[in-house]
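Notes follow the structure.
In the UniProt record's numbering, the protein residues as written are 1 to 101.
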């Protein structure tokens, strides 16, 4: 069984899940694939872009990298929900997932 310290160093050494490519790299890779200069796998390796990311951008035709996901609640709705949760905690009501929905 590995020690906690060894597990912590393993977690630090893992690659990030999000692609670390720039929009310029993505644009160049898309152009090289669309022009027929490189195939998808080769372009992904040359420009250091995950193959699946490159295929997704080719499929959608999008050249813009979206960093975060779209939010479900507006800022006003989030603030209202936060205030409601805090009020319920102040009066002693235990919160469950059903109450939050």
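Glycine included, C-beta positions come from ideal geometry on N, C-alpha and C. Quantities reported herein were computed from a predicted structural model and do not represent experimental measurements.
Return the CA-CA distance between residue i and residue j, expressed in angstroms with no decimal places.
| i | j | result |
| --- | --- | --- |
| residue 25 | residue 74 | 33 Å |
| residue 95 | residue 71 | 23 Å |
| residue 41 | residue 78 | 42 Å |
| residue 99 | residue 88 | 10 Å |
| residue 93 | residue 86 | 10 Å |
In this structure, does DSSP put residue i in helix, strand or coil?
| i | result |
| --- | --- |
| residue 129 | For the chain, the structure presents residues 1 to 101; residue 129 sits outside this window and is missing. |
| residue 39 | coil |
| residue 74 | coil |
| residue 94 | coil |
| residue 64 | coil |
| residue 49 | coil |
| residue 99 | helix |
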